[in-house]
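One structure is given here, and the rest of the page talks about it.
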Amino acid sequence: MSEMTISLTRRGFCAAAAGIVVFPLEVRATDINPAQIMQASYQATRFKNVRFTAGLSLRSSKGAKQNRSLSGVAKIVDGGALARLMRFTTPADMSGVATLTFERGSSRDDLWIYLPAMRRVRKLVTANRADPWVGSDFSYGDILGHKVSDWTHKLSGTERLSGGDCWRIDSVPLTSALMRETGYGRRRSWIRKSDYSLLNCDFFSVSGQPLKSATFSDFRVLDGSNGKVQPMVMTMQSMRSGSTSTLNFKQFDIGAAVMNNEISPEALNK
Amino acid sequence: MKRVGGLAVLACCLTFGLEVEARAQSQPEWSLRAQQWTGDRSGSGNESITNAEAWSRIRAKISNEVSIQAEGWVAVDPVGMSKANGDIREALIELRTSGVTLKVGRQINPWGRADRVNPTDLMSARDYRRLVEGEDENRLGQVTITVAIPLAGGELSGFWVPEFRQNRLPSNYDGLAIRSVTPLQRDSFALRYERFGGVDLAVTVAQAPDRTPWLSLMPINGRTGLALQHPRVRMIGVDLATNVGDFGVRFESALYSHDRVALSGLIDRVPRLAAVIGLDRSFPGQWHFIAQGILRTSRSVGPVSWNQQLAARRNANIHGTWDHSVFGATLAVRKTFAGDRMQTEITGAMLSGGGAFLQARGSVKLSEQLRLQLLGEHYSGSADSYFGQLKPNRLLMIGLRAGY
Numbered sequence: 378m379s380e381m382t383i384s385l386t387r388r389g390f391c392a393a394a395a396g397i398v399v400f401p402l403e404v405r406a407t408d409i410n411p412a413q414i415m416q417a418s419y420q421a422t423r424f425k426n427v428r429f430t431a432g433l434s435l436r437s438s439k440g441a442k443q444n445r446s447l448s449g450v451a452k453i454v455d456g457g458a459l460a461r462l463m464r465f466t467t468p469a470d471m472s473g474v475a476t477l478t479f480e481r482g483s484s485r486d487d488l489w490i491y492l493p494a495m496r497r498v499r500k501l502v503t504a505n506r507a508d509p510w511v512g513s514d515f516s517y518g519d520i521l522g523h524k525v526s527d528w529t530h531k532l533s534g535t536e537r538l539s540g541g542d543c544w545r546i547d548s549v550p551l552t553s554a555l556m557r558e559t560g561y562g563r564r565r566s567w568i569r570k571s572d573y574s575l576l577n578c579d580f581f582s583v584s585g586q587p588l589k590s591a592t593f594s595d596f597r598v599l600d601g602s603n604g605k606v607q608p609m610v611m612t613m614q615s616m617r618s619g620s621t622s623t624l625n626f627k628q629f630d631i632g633a634a635v636m637n638n639e640i641s642p643e644a645l646n647k
Numbered sequence: 022m023k024r025v026g027g028l029a030v031l032a033c034c035l036t037f038g039l040e041v042e043a044r045a046q047s048q049p050e051w052s053l054r055a056q057q058w059t060g061d062r063s064g065s066g067n068e069s070i071t072n073a074e075a076w077s078r079i080r081a082k083i084s085n086e087v088s089i090q091a092e093g094w095v096a097v098d099p100v101g102m103s104k105a106n107g108d109i110r111e112a113l114i115e116l117r118t119s120g121v122t123l124k125v126g127r128q129i130n131p132w133g134r135a136d137r138v139n140p141t142d143l144m145s146a147r148d149y150r151r152l153v154e155g156e157d158e159n160r161l162g163q164v165t166i167t168v169a170i171p172l173a174g175g176e177l178s179g180f181w182v183p184e185f186r187q188n189r190l191p192s193n194y195d196g197l198a199i200r201s202v203t204p205l206q207r208d209s210f211a212l213r214y215e216r217f218g219g220v221d222l223a224v225t226v227a228q229a230p231d232r233t234p235w236l237s238l239m240p241i242n243g244r245t246g247l248a249l250q251h252p253r254v255r256m257i258g259v260d261l262a263t264n265v266g267d268f269g270v271r272f273e274s275a276l277y278s279h280d281r282v283a284l285s286g287l288i289d290r291v292p293r294l295a296a297v298i299g300l301d302r303s304f305p306g307q308w309h310f311i312a313q314g315i316l317r318t319s320r321s322v323g324p325v326s327w328n329q330q331l332a333a334r335r336n337a338n339i340h341g342t343w344d345h346s347v348f349g350a351t352l353a354v355r356k357t358f359a360g361d362r363m364q365t366e367i368t369g370a371m372l373s374g375g376g377a378f379l380q381a382r383g384s385v386k387l388s389e390q391l392r393l394q395l396l397g398e399h400y401s402g403s404a405d406s407y408f409g410q411l412k413p414n415r416l417l418m419i420g421l422r423a424g425y
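So the protein sequences, as listed, match chains Y and W. Sequential numbering from 378 applies to the first sequence in our numbering. Sequential numbering from 22 applies to the second sequence in our numbering.
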């Protein structure tokens, strides 16, 4: 491994979190492994246990707003899969609706939804990850997360955004099936060099047209020793419809353990 | 449930809910609904029915181990007979400790993974006369004790249902003197093992009085008369769902064994096996398709004398036994628009020799709290066909719904 290669060791994370420059300033773009940057960014927001509450605000292109609130838990379960259960608490017509996602990578992901009116847990088709998550501009695929190894990554440059100096990385699905399932032909990510935080992400259709644009803000260092940083506000804007969805975390607690029976399909209706 | 009694219980429940709210900081949720229908589901000829309903539900956590849950409704004309009524659908207490879950009280436990047609859904009851927009809103809760324990990566649940509530069908027996017979053994039992994963799977064994009545002959005041009876039925069923490529695959099947002691005459076949297999798939633009195939087979118990054929046909229609093998299909197409502001769905179903059914539904969100709903249903087939008999009419509905 050359000195130009980015180290993804715990030590590297610690250094990054502490704001220490771990890479030579004169790094040539061709020497940087973009997949490793994406992996570091991906890992930076994965926590062993999380309990959270959040508000989800949907705004149409005409300005009509819908506000929803939700609570949830997330946990890295056996085998390294990230499970995330989210249950809506308001408004009344959404109250009790819950989704559970198991992100294992590609077609092995699992999605379930519980609709109180039906009183049944329903398995969703994994290939439908392009579908909107509960009517928002986030898709199920966005909520599941885009596993780094399912995409090829190419560094297309560096750029200074208001949040800091960033690597700009283009990612393309490895398979046409994943392209079809996610609805994305390409993603362009801006990763902050100082802590691997994803600041912006643009999504393009299979034909290359701009689809959506995500911005992440209000970053909180929750586990500095492990380089874990969480954006408290995530905004997704649809280029086609002009609508915007904002997920705003109110509480984000990584200290309390999440039991396996709290994050199973059986728990969706409890 | 008597109307006054039902309303009183509902009032108590809601009051209880409000009290719990104060202690557990859980808000009761409301739904107010107003609808105009062009007919009822009994084919009475009434062409204009106005109904208004108030629903309320609460789910409150009393402690880490104990929670309560209740839901009920009151309506000015719930079945189009110009009579107000109400019902407690659920009122239960749930205790969870060291992996064991105990639920006591009135509850709704629907089973099955197929779309709308659920052969394993043996013990839950419905009021098919209800003028409701959603298929699941006509369900009737029943007093049940449920115990669930984790087992082999899944959950094993035991059900004891001491309360018996029958499926309420649109009346098809006008002019006949029929006695409704409450089953001597009213309680039901079931065991259900359910496991989720790459394949979601459940196996259910159950024994219960048939929720759907059978027209039977029995001695009444020293003479042979007509009665609606509920023979015990035993069932073993399986339902599963998984993903295969771009498709969701759902399968559900049940084997039945009816106790024929309570049934005399008027029946030449009883259900033996029912199976549904379906595929669902989504397409860009939030289009969702569900296609299903249905098979029902029945077992001969007849023969039925010629002068009882007409009544036997009614039983056969309601229980899907007019032929030894009945084939069918359903197709549902759903389209959702941005932000879930507008939803549309068209569902069609047909059964060999049983007619066909077409339903179109749509809703538009007018504001954060208010939704406009439209419903149209069309049934084709003769009056003694399955669809013709169960819901012998065509309906249109326009309504407003506030809340959930």
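Just so you know, even glycine gets a beta-carbon here, dropped at the ideal spot from N, CA and C. From a predicted model like this one, the values you see are computed outputs, not experimental measurements.
Exercise for the section: Specify the secondary structure class of valine 525 of chain Y as computed by DSSP and reduced to three states. Expected result: Helix at valine 525 of chain Y.
Practice task
Please compile the residues from chain Y whose C-beta is within a distance smaller than 7 Å of the C-beta of tryptophan 308 of chain W.
Solution key: Per Cβ cutoff of 7 Å: no residues; tryptophan 308 of chain W is ~10 Å from chain Y at best.
Practice task
Using a Cβ cut-off of 7 Å, pull out every chain W residue sitting near glycine 512 of chain Y, in sequence order please.
Solution key: When 7 Å is used as the limit between beta carbons, glycine 512 of chain Y is near these residues of chain W: Gly360 and Asp361, in chain order.
Problem - Contacts of alanine 507 of chain Y in chain W (Cβ-Cβ under 9 Å) - result: The CB of alanine 507 of chain Y comes closer than 9 Å to the CB of Ser303 and Pro305 in chain W, given here in chain order.
Practice task
Note down, in chain order, every chain W residue with its Cβ under 8 Å from the Cβ of lysine 500 of chain Y.
Solution key: The contact set of lysine 500 of chain Y on chain W, defined by CB atoms closer than 8 Å, consists of Arg134, Phe217, Asp221, Ala262, Thr263, Asn264 and Gly269 in chain order.
Problem - Against chain Y: residues of the stretch 384-400 of chain W by CB proximity under 9 Å - result: Lys386, Ser388, Glu389, Gln390 and Arg392
Exercise for the section: Would you kindly work out how many angstroms separate the C-alpha atoms of alanine 296 of chain W and arginine 317 of chain W, rounded to a whole number? Expected result: Their Cα atoms are separated by approximately 6 Å.
Problem - Amino acids of chain Y, ordered along the chain, whose beta-carbon sits closer than 9 Å to that of glutamate 273 of chain W - result: The contacting residues do not exist; glutamate 273 of chain W stays about 12 Å from chain Y at best.
Problem - Expected contact under 8 Å - CB spacing of lysine 442 of chain Y and leucine 435 of chain Y to nearest Å - result: 7 Å
Exercise for the section: To the nearest angstrom, report how far apart alanine 475 of chain Y and leucine 521 of chain Y are at their CA atoms. Expected result: 14 Å
Handout entry: Residue closest to leucine 588 of chain Y, alpha-carbon to alpha-carbon, out of Y:Phe596, Y:Met611, Y:Asn577 and Y:Ser615
Key = Checking every option, the nearest Cα to that of leucine 588 of chain Y belongs to Y:Ser615.
Exercise for the section: Could you name the residues of the same chain whose beta carbon sits closer than 6 Å to that of methionine 256 of chain W, not counting the 5 residues immediately before and after it, in chain order? Expected result: Leu143, Ala227, Ala275 and Tyr277
Exercise for the section: Kindly list the residues whose CB is nearer than 8 Å to the CB of tryptophan 510 of chain Y, restricted to its own chain and excluding five residues on each side of it in sequence; keep chain order. Expected result: Thr476, Ser516, Tyr517, Asp519 and Ile520
Exercise for the section: Starting from the Cα of methionine 609 of chain Y, find the closest Cα among Y:Met495, Y:Phe629, Y:Ser622 and Y:Asn505 and give me that residue. Expected result: Y:Phe629
Exercise for the section: Under 8 Å Cβ to Cβ from glycine 341 of chain W, same chain only, skipping five residues before and after it: list those, please. Expected result: Pro292, Ala295, Arg317, Ser319, Val347, Leu372, Gly375 and Tyr407
Exercise for the section: For glutamate 74 of chain W, decide whether its Cβ has a neighbour in chain Y, counting only Cβ atoms nearer than 7 Å. Expected result: For glutamate 74 of chain W, the closest Cβ of chain Y is not nearer than 7 Å.
Exercise for the section: Over the uninterrupted alpha helix (DSSP H) stretch that includes arginine 334 of chain W, give me the two end residues. Expected result: For arginine 334 of chain W, the enclosing alpha helix (DSSP H) has its first and last residue at 330-340.
Problem - Residue environment, serine 641 of chain Y, which counts as buried when at least 16 other CB atoms sit within 10 Å - result: buried
Handout entry: Distance, glycine 107 of chain W Cα to alanine 29 of chain W Cα
Key = Its pLDDT being 44, under 50, alanine 29 of chain W is placed unreliably in this model, and the value from its coordinates should be taken loosely. So the two alpha carbons sit approximately 9 Å from each other.
Exercise for the section: Consider the Cβ of arginine 428 of chain Y: report whether some Cβ of chain W lies at a distance smaller than 7 Å. Expected result: no
Problem - Cutoff 7 Å; reference glycine 126 of chain W; Cβ partners in own chain excluding five residues on either side - result: Ala112, Leu113, Ile114 and Val164
Exercise for the section: List the residues that DSSP assigns as beta-bridge partners of tyrosine 407 of chain W. Expected result: Its beta-bridge partners do not exist; DSSP assigns none.
Handout entry: Proximity of alanine 421 of chain Y and tyrosine 573 of chain Y at Cβ, strictly below 7 Å
Key = yes
Problem - 6 Å Cβ shell around glycine 154 of chain W - same chain, five flanking residues per side excluded - result: Position check: residue 154 of chain W holds glutamate in this sequence, whereas glycine was assumed. Gln394 and Leu396, listed in sequence order.
Practice task
Measure the C-alpha to C-alpha separation of tryptophan 181 of chain W and glutamine 128 of chain W and round it to an integer number of angstroms.
Solution key: 11 Å
Problem - Within-7 Å CB hit, methionine 495 of chain Y to chain W - result: Answer yes: the Cβ-Cβ gap between methionine 495 of chain Y and chain W drops below 7 Å somewhere.
Handout entry: Reference alanine 469 of chain Y; option with closest CA among W:Gln410, W:Met418, W:His399 and W:Glu389
Key = W:Glu389
Handout entry: Beta-carbon gap between glutamine 187 of chain W and isoleucine 419 of chain W smaller than 7 Å
Key = no
Exercise for the section: Give me the Cβ distance between arginine 597 of chain Y and valine 606 of chain Y, rounded to the nearest whole Å; I'm assuming they're in contact under 8 Å. Expected result: 7 Å
Problem - chain Y contact for glutamate 86 of chain W (CB, 7 Å cutoff) - result: no
Problem - Between the CA atoms of valine 502 of chain Y and serine 303 of chain W - distance to the nearest angstrom - result: 8 Å
Practice task
Under 7 Å Cβ to Cβ from glycine 424 of chain W, same chain only, skipping five residues before and after it: list those, please.
Solution key: Glu50, Trp51, Ser52, Leu53 and Gln390
Exercise for the section: Count the CB pairs spanning the stretch 454-468 of chain Y and the stretch 620-628 of chain Y that are closer than 8 Å, and state whether there are at least three. Expected result: These segments do not touch.
Handout entry: Candidates Y:Glu639, Y:Ser618, Y:Ala633 and Y:Lys647, of which the one nearest aspartate 514 of chain Y by Cα
Key = Each of Y:Glu639, Y:Ser618, Y:Ala633 and Y:Lys647 was checked against the Cα of aspartate 514 of chain Y, and the nearest Cα belongs to Y:Ser618.
Problem - Three-state secondary structure assigned by DSSP to tyrosine 561 of chain Y - result: Tyrosine 561 of chain Y carries a coil assignment under DSSP once its states are collapsed to helix, strand and coil.
Practice task
Return the chain-ordered list of same chain residues with a C-beta closer than 7 Å to the C-beta of alanine 634 of chain Y, the five sequence neighbours on each side being excluded.
Solution key: Asn426
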